[in-house]
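Peer 1: Have a look at this one before I ask anything.
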Amino acid sequence: MKIVVTGANGGLGGAIISACARLYPSWECVGLTRAEADLADAVATEKAVSSLAPDVIIHCSAMTAVERCETEPDLARRINVDGTRAVARSAEKCGARMVFVSTDYVFDGSGAPYQEDATPAPLNVYGQTKLEGERAMLVLNRSLVVRTSWLYGKNGKSFPATVLGLAKTKKVIRMVNDQKGSPTYSADLAEALLKLVEMEATGIYHVCNSGHCTWYELAKAVLEIRGINAPLEPTSSSEFNAPAKRPADSRLDCSRYAEKTGSPLRPWREALADYLSSLPA
Ligand SMILES: NC(=O)c1ccc[n+]([C@@H]2O[C@H](COP(=O)([O-])OP(=O)(O)OC[C@H]3O[C@@H](n4cnc5c(N)ncnc54)[C@H](OP(=O)(O)O)[C@@H]3O)[C@@H](O)[C@H]2O)c1
């Protein structure tokens with residue numbers, strides 16, 4: 261089986277390529293970077309993906325900077341919606357199965373924990389453009405949409421690594437305590453995605469590490485696990501006055517995934533400890 265992964269230099273894309281080499285050595289896994297397929301150029305993207313003749317496309321690349329999406333909505337739409345449609349056209353052309361990675365930010369936070377058939381109501385441009393991307397995928401035969409949340413890992417941006425950096429440079433670390441969600445280790449999500457590909461799952465699945473916390477509680481866990489005694493204070497989202505609104509409670513109900521595969525992802529704190537143990541002391 262030949263799998264093409266977009267966003268190969270991103271946090272999740274990199275994790276999928278590593279997990280595939282380790283767990284499914286007989287599958288050929290080809291990563292596509294922005295330099296090889298810029299989603300802002302739909303024609304070039306369609307051509308680049310189609311030329312690889314994949315059996316499965318795992319579409320991870322996206323404009324993920326939530327604040328930037330809010331201030332540059334046209335670019336966000338071009339990348340997250342038009343670019344995704346271009347990838348979907350390649351899938352149709354090649355007869356490939358399509359996997360799209362989406363987000364808890366398609367919800368407004370008023371109905372958590374969310375099941376897969378809950379009505380989306382995004383609060384920000386990022387969530388809206390990812391929702392439109394989902395819809396472009398779901399019209400295809402045999403497509404799979406996996407919604408996840410609060411990703412961190414070895415490649416790309418990582419909230420736990422940021423907290424460790426702040427502990428070295430800030431007198432006081434302030435973290436919001438009024439947004440709730442499920443932190444998810446990209447290595448765990450990568451394995452789950454490949455398992456769903458192997459099982460030929462279709463439709464929508466919510467996949468996150470088990471349990472939930474606030475950003476403040478997550479930062480507290482990072483410091484506790486590393487044995488760092490840094491001053492950490494809870495604060496509220498209003499203090500940051502960010503242009504993009506975020507859901508106050510975006511917990512996803514992941515029971516469909518657990519039923520399909522026979523087990524849920526491990527608890528978020530266990531996954532976090534595993535990730536932190538992989539970082540230098
Ligand atoms: N991060 C989260 O907390 C989170 C939560 C829920 C869902 N998701 C979804 O999960 C997926 C993977 O996220 P991630 O955390 O791995 O994000 P990431 O680390 O920001 O990676 C995104 C990738 O997309 C690429 N990209 C950005 N603009 C592009 C363009 N115009 N053309 C081609 N590639 C472009 C980036 O390329 P460069 O490396 O060149 O910048 C990067 O490799 C995304 O679809 C995201 O929406 C993420």
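Per my numbering, the sequence shown starts with residue 261, numbered consecutively. Every residue gets a Cβ at the ideal spot worked out from N, C-alpha and C, and that includes glycine. All values derive from a computational prediction rather than experimental measurement.
Under the three-state reduction of DSSP, which class applies to D509: helix, strand or coil?
Peer 2: Three-state result, D509: strand.
Peer 1: Suppose you measure from the CA of V359 to the CA of E392; what does that come to, to the nearest Å?
Peer 2: Spanning the two alpha carbons is a distance of roughly 15 angstroms.
Peer 1: Is any non-hydrogen atom of ligand 1 found closer than 7 angstroms to the C-beta of D438, if you look at the structure I gave you?
Peer 2: Result no, Cβ not under 7 angstroms from ligand 1.
Peer 1: Could you check if T462 belongs to the surroundings of ligand 1, using beta carbon to heavy atom distance under 7 angstroms?
Peer 2: The answer is no for T462.
Peer 1: Please give me, in chain order, every unbroken run of the beta strand (DSSP E) with length at least 3 that falls completely inside the stretch 346-408.
Peer 2: The stretch 346-408 contains these whole beta strand (DSSP E) runs: 357-363, 404-408.
Peer 1: If you check the beta carbons only, do S496 and G271 fall under 8 angstroms apart?
Peer 2: Result no, Cβ atoms of S496 and G271 do not sit closer than 8 angstroms.
Peer 1: Less than 8 angstroms between C-beta atoms, sequence neighbours within five positions excluded: which residues of the same chain meet that for E327?
Peer 2: Cβ within range, chain order: A502, P503, A504.
Peer 1: Look at the alpha carbon of A281 and the alpha carbon of T444, and state the distance between them as a whole number of angstroms.
Peer 2: The alpha-carbon atoms of A281 and T444 are separated by roughly 21 angstroms.
Peer 1: Under 8 angstroms, with one C-beta from each stretch per pair, do the stretch 293-308 and the stretch 474-483 reach the 3-pair mark?
Peer 2: Flag = no, the stretch 293-308 and the stretch 474-483 do not touch.
Peer 1: Which class does S496 belong to by DSSP, given the choice of helix, strand or coil?
Peer 2: Note: S496 maps to coil in three-state DSSP.
Peer 1: What's the C-alpha gap between T462 and S403?
Peer 2: Spanning the two alpha carbons is a distance of roughly 5 angstroms.
Peer 1: Name the DSSP beta bridge partners of P527, please?
Peer 2: Paired residue(s): S470.
Peer 1: Please classify C329: does DSSP put it in a helix, a strand, or coil?
Peer 2: Helix, per DSSP.
Peer 1: Specify, as a first and last residue, the run of the beta strand (DSSP E) that T266 falls within.
Peer 2: Here the beta strand (DSSP E) through T266 covers 262-266.
Peer 1: Would you kindly work out how many angstroms separate the C-alpha atoms of A356 and I317, rounded to a whole number?
Peer 2: About 7 angstroms.
Peer 1: Are the stretch 448-466 and the stretch 374-386 touching, with three or more C-beta to C-beta distances below 8 angstroms?
Peer 2: Touching, per the Cβ criterion.
Peer 1: Sorry if obvious, but does the Cβ on M358 come closer than 7 angstroms to a heavy atom of ligand 1?
Peer 2: No, Cβ of M358 sits at least 7 angstroms from all heavy atoms of ligand 1.
Peer 1: Which whole-angstrom value is the C-beta distance of A325 and L400, which I expect to be below 8 angstroms?
Peer 2: The pair is not a contact, with the Cβ atoms about 27 angstroms apart (cut-off 8 angstroms).
Peer 1: Using only the alpha-carbon positions, how far apart do C514 and S310 sit?
Peer 2: Their Cα atoms are separated by approximately 32 angstroms.
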